[in-house]
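Undergrad: So that we are looking at the same thing, I have put the structure below in structure tokens.
Structure follows, in structure tokens:
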């Protein structure tokens, strides 16, 4: 799908993995309208409301949700570098270089 002008074409994610903070009905409806699958656990009060109204529970893939932890731990390791956590380098190219350097050192450490 080529759009006007140069640059990368727009893409849409196949799936969104989020925590319980994004389990609101409006957020799920927005994703459903755009054709994006959601892997979001429901809060206990939402589950109780669904049972009370006899509604079908939302689909939830535990295996996909558990892989989310790997990404969170990666961001946590990067945020341990003070310069990255505080965005000490203001220019985007230097900030990307700092992230690349930190990622490489983390990768070599493991």
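Numbering (the UniProt record's numbering), first residue to last: 1 to 110.
Glycine included, each C-beta is placed from N, C-alpha and C at the ideal position.
Do residue 13 and residue 36 come within 8 Å of each other at the CB atom, strictly closer than that value?
TA: yes
Undergrad: Counting C-beta neighbours from all protein chains within 10 Å, is the total for residue 24 16 or more, i.e. buried, or is it exposed?
TA: Exposed, since its Cβ has fewer than 16 Cβ neighbours within 10 Å.
Undergrad: Mark residue 38 as exposed unless 16 or more other C-beta atoms lie within 10 angstroms of its C-beta, in which case mark it buried.
TA: buried
Undergrad: Does residue 90 come out as helix, strand or coil in the three-state DSSP assignment?
TA: In the structure shown, residue 90 falls within a coil segment according to DSSP collapsed to helix, strand and coil.
Undergrad: Between the C-alpha atoms of residue 71 and residue 48, what's the straight-line distance to the nearest angstrom?
TA: 30 Å
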